[in-house]
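Undergrad: Input: one structure, supplied below.
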Amino acid sequence: MDLTSITNKALKNEALTVQEALDILQSPDSRVMEIVAAAGAVRQKYFGKRVKLNYLVNVKSGLCPEDCHYCSQSKVSEAPIPKYPLMTTHEMIRQAERGMKVGASRACLVASGRGPSQREMSEFCDSVKTLKEKHPQLEVCACLGLLSGGQADQLKSAGVKAYNHNINTSQTHYEKICGTHTYQDRLETVEKAQCAGLSSCSGVLVGMGETDSDIGEMAFVLRKKNVDSIPVNFLVAVDRTPLAQVHHLTPLRCLKILALFRLVHPTAELRVSGGREVHLRHLQPLGLMMANSIFIGDYLTTQGQPPQSDLEMIRDLGFQVEGQSEDFIDKVLGKPKPSADLKETASLSN
């Protein structure tokens with residue numbers, strides 16, 4: 002693997018070859034730190050010290066007719082999760098404000114289901130309008146499933162900035178994880194969002210038995226679609242779901258995957274997303290050296306780590322929360338950054 006050539010291409014936002022992508026994924030573990038440094042240089046060029054914080058709000062939970070094998074909310078899941086219809090405007094705003102308090106500049110409003118009915122779309126858009134009237138600076142990303150004709154335009158008119166619809170896996174592997182809709186259905190929803198002028202957010206879920214070629218294919222499909230934001234999720238094998246016993250990932254494998262997506266997508270917002278706490282574990286800071294975005298707080302039906310832990314990680318890396326003042330983290334945590342003065346450090350240890 003010619004990592005220097007790969008890095009130089011990425012720094013110029015030039016496309017890698019399929020073989021170069023495979024070389025990253027198939028590199029020996031002994032080269033992981035070298036690969037992280039290369040991807041980190043690309044992150045530094047295009048995003049500097051900034052970390053974008055996103056906050057998930059599960060606005061409708063469970064009750065889904067789809068059979069996605071990885072999902073605790075699907076019809077084939079027996080996981081004991083909360084189940085409720087579309088939440089009220091008041092509750093949606095209250096939840097979004099929880100994220101804003103810990104620095105989130107984007108609220109990701111996610112509803113289970115194949116796609117929204119027209120009644121749900123109208124109620125959702127009314128809630129977004131009220132949320133934006135109260136917090137005009139807050140970005141809203143909607144994730145409501147497959148969109149039908151005109152629904153993307155409705156979201157845009159309501160004040161939604163971005164639409165999330167992940168491709169999750171490759172076209173080849175897709176039928177192994179879902180049978181109630183197709184890979185093409187997902188791509189068409191991404192295209193509808195883009196045509197309506199919404200920022201496109203589409204990512205992947207790895208750890209479901211996909212091959213290196215599948216991962217490379219996903220990365221290049223998303224580059225071809227020119228998506229703005231890419232969440233990289235790692236499978237959390239939830240009990241009583243079809244993939245409950247699937248465990249393919251290691252921390253070093255996850256770092257290689259993140260590096261691949263950064264090097265293939267130098268200028269896209271890369272979000273290290275669901276499952277990072279489970280699979281990256283103590284190597285989470287290395288993931289954030291390549292990605293420039295994370296979810297802060299909990300996920301849809303699984304817990305994340307406490308927001309204060311994420312803020313401490315961001316501060317320890319020398320990064321700053323996007324859209325916030327330099328001392329924002331200190332204010333939230335209620336304590337200053339530890340001093341680098343050796344005498345003070347020594348006195349604290351005595």
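Just so you know, we're using my numbering here: the sequence shown kicks off at 2 and counts up by one. All residues carry an ideal CB built from backbone N, CA and C; glycine is no exception. Computed from a predicted structure; not experimentally measured.
1. Report yes or no: do three or more beta-carbon pairs, one from the region 192 to 199 and one from the region 168 to 180, lie closer than 8 Å?
2. Quick one: residues in its chain with C-beta nearer than 7 Å to the C-beta of Ala238, no 5 flanking neighbours on either side, listed in chain order?
3. Helix or strand or just coil, what does DSSP make of Leu17?
4. On the three-state DSSP scale, how would you describe Val33?
5. Flag this pair as yes or no: are the beta carbons of Ser132 and Ile82 separated by less than 7 Å?
6. Taking the DSSP output, what are the residues bridged to Lys53?
7. Among Phe235, Cys202 and Cys72, which one has its Cα closest to the Cα of Gly208?
8. I'd like the list of long-range same chain contacts for Gln309, defined as Cβ closer than 7 Å, with 5 residues on each side in sequence excluded.
9. Pick out the complete beta strand (DSSP E) segments inside the region 153 to 219, 3 residues or longer, and give them in chain order.
10. So what's Asn234 in DSSP terms, helix, strand or just coil?
11. What is the DSSP secondary structure of Lys76, counted as helix, strand or coil?
12. Taking the CB atoms as reference points, tell me whether Ile216 and Leu223 lie closer together than 7 Å.
13. Give me the Cβ distance between Leu261 and Ala292, rounded to the nearest whole Å; I'm assuming they're in contact under 8 Å.
14. Quick one: is Gly49 buried, meaning 16 or more other Cβ sit within 10 Å of its Cβ, or exposed?
15. Our contact map puts Cys144 next to Val111 with C-beta atoms below 8 Å; I'd like the distance itself, whole angstroms only.
16. Quick one: is Pro286 buried, meaning 16 or more other Cβ sit within 10 Å of its Cβ, or exposed?
17. With DSSP collapsed to three states, give me the class of Ser62.
18. In the DSSP assignment, find the unbroken alpha helix (DSSP H) run with Val333 in it and report its ends.
19. If you follow the beta strand (DSSP E) that Glu270 is in, where does it begin and where does it stop?
20. Taking the straight line between their C-alpha atoms, what separation do you get for Asn227 and Leu264?
21. Do the region 54 to 65 and the region 101 to 118 touch if we need at least three Cβ pairs shorter than 8 Å?
22. Start and end of the beta strand (DSSP E) containing Ala245?
23. Between Lys53, Asp24, Glu211 and Leu301, which lies nearest to His174 when the distance is taken from Cα to Cα?
24. DSSP beta-bridge partners for Cys255?
25. Roughly how many whole angstroms lie between the Cα atoms of Asp24 and Asp311?
26. Would Thr302 and Ser73 qualify as a contact pair, given that the criterion is a beta-carbon distance under 7 Å?
27. Nearest to Gln363 by CA position, among Leu17, Met122 and His182, is which residue?
28. Between the beta-carbon of Thr183 and the beta-carbon of Ser128, is there less than 7 Å?
29. Considering Leu12, what are the terminal residues of the alpha helix (DSSP H) in which it resides?
TA: So, to answer that:
1. no
2. Taking the sequence shown and counting its residues from 1, the one referred to as residue 238 is at position 237. Result list for Ala238: Leu244, Ala245, Gln246, Val247 and His248, in chain order.
3. Here residue 17 refers to the residue found at position 16 when the sequence shown is read from its first residue. In the structure shown, Leu17 sits in coil (DSSP, three-state: anything other than H, G, I, E or B).
4. Against the sequence shown, residue 33 aligns to sequence position 32. It is helical.
5. For the purposes of this step, residue 132 is identified with residue 131 of the sequence shown, where counting begins at 1. For the purposes of this step, residue 82 is identified with residue 81 of the sequence shown, where counting begins at 1. Inspection of the sequence shows that residue 132 is occupied by Leu rather than by Ser. No.
6. In the sequence shown, counting from the first residue as 1, residue 53 sits at position 52. Ser294.
7. Sequence index remark: in the sequence shown, residue 208 carries index 207 (1-based). When each option's Cα is compared against that of Gly208, the closest is Phe235.
8. Taking the first residue of the sequence shown as position 1, residue 309 is located at position 308. Excluding residues within five positions, the ones whose Cβ falls inside 7 Å are Leu334.
9. 163 to 165, 200 to 202 and 205 to 207
10. On the sequence shown, position 233 is the one that residue 234 refers to. Looking at Asn234 - three-state DSSP - the assignment turns out to be strand.
11. Numbered from 1 along the sequence shown, position 75 holds the residue referred to as residue 76. Three-state DSSP puts Lys76 in coil, outside helix and strand.
12. Walking along the sequence shown from the start, residue 216 turns up at place 215. Walking along the sequence shown from the start, residue 223 turns up at place 222. Not a contact, by the Cβ cut-off of 7 Å.
13. Counting from one through the sequence shown, the residue named residue 261 turns up at place 260. Counting from one through the sequence shown, the residue named residue 292 turns up at place 291. Under the criterion of beta carbons closer than 8 Å, Leu261 and Ala292 do not qualify as touching, at roughly 12 Å.
14. Along the sequence shown, read from residue 1 onward, the residue named residue 49 stands at position 48. The residue in question, Gly49, is exposed, as its Cβ has fewer than 16 Cβ neighbours within 10 Å.
15. Indexing the sequence shown from 1 puts residue 144 at position 143. Indexing the sequence shown from 1 puts residue 111 at position 110. Rounded, the Cβ-Cβ distance is 4 Å, consistent with contact.
16. Against the sequence shown, residue 286 aligns to sequence position 285. Exposed, by the Cβ-count rule.
17. One-based indexing of the sequence shown puts residue 62 at position 61. Reduced to three states, the DSSP call for Ser62 is strand.
18. As a working mapping, residue 333 is identified with position 332 in the sequence shown. Here the alpha helix (DSSP H) through Val333 covers Phe329 to Leu334.
19. The residue you call residue 270 lines up with position 269 of the sequence shown. Glu270 -> beta strand (DSSP E) spans Glu270 to Val273.
20. Residue mapping note: residue 227 aligns to position 226 of the sequence shown, counting from 1. Residue mapping note: residue 264 aligns to position 263 of the sequence shown, counting from 1. Roughly 14 Å between the two C-alpha positions.
21. At 8 Å Cβ cutoff, the stretches touch.
22. Here the question's residue 245 lines up with position 244 in the sequence shown. Per DSSP, Ala245 belongs to no beta strand (DSSP E) and is neither H nor E.
23. Stepping through the sequence shown from its first residue, residue 174 is reached at position 173. For the residues Lys53, Asp24, Glu211 and Leu301, the minimum Cα distance to His174 belongs to Glu211.
24. Your numbering for residue 255 matches position 254 in the sequence shown. For Cys255, which the question treats as bridged, DSSP gives no partner whatsoever.
25. Within the sequence shown, residue 24 is the residue found at index 23, counting from 1. Within the sequence shown, residue 311 is the residue found at index 310, counting from 1. Roughly 31 Å between the two C-alpha positions.
26. Residue 302 sits at position 301 when you count from the first residue of the sequence shown. Residue 73 sits at position 72 when you count from the first residue of the sequence shown. Against a cut-off of 7 Å, the Cβ pair of Ser73 and Thr302 comes out as a contact.
27. There is simply no residue 363 to check, as the chain begins at 2 and stops at 351 in what is shown.
28. Against the sequence shown, residue 183 aligns to sequence position 182. Against the sequence shown, residue 128 aligns to sequence position 127. No Cβ-Cβ contact shorter than 7 Å links Thr183 with Ser128.
29. Reading the sequence shown from its first residue, position 11 is the one you call residue 12. Where Leu12 is concerned, the enclosing alpha helix (DSSP H) stretches over Leu4 to Leu12.
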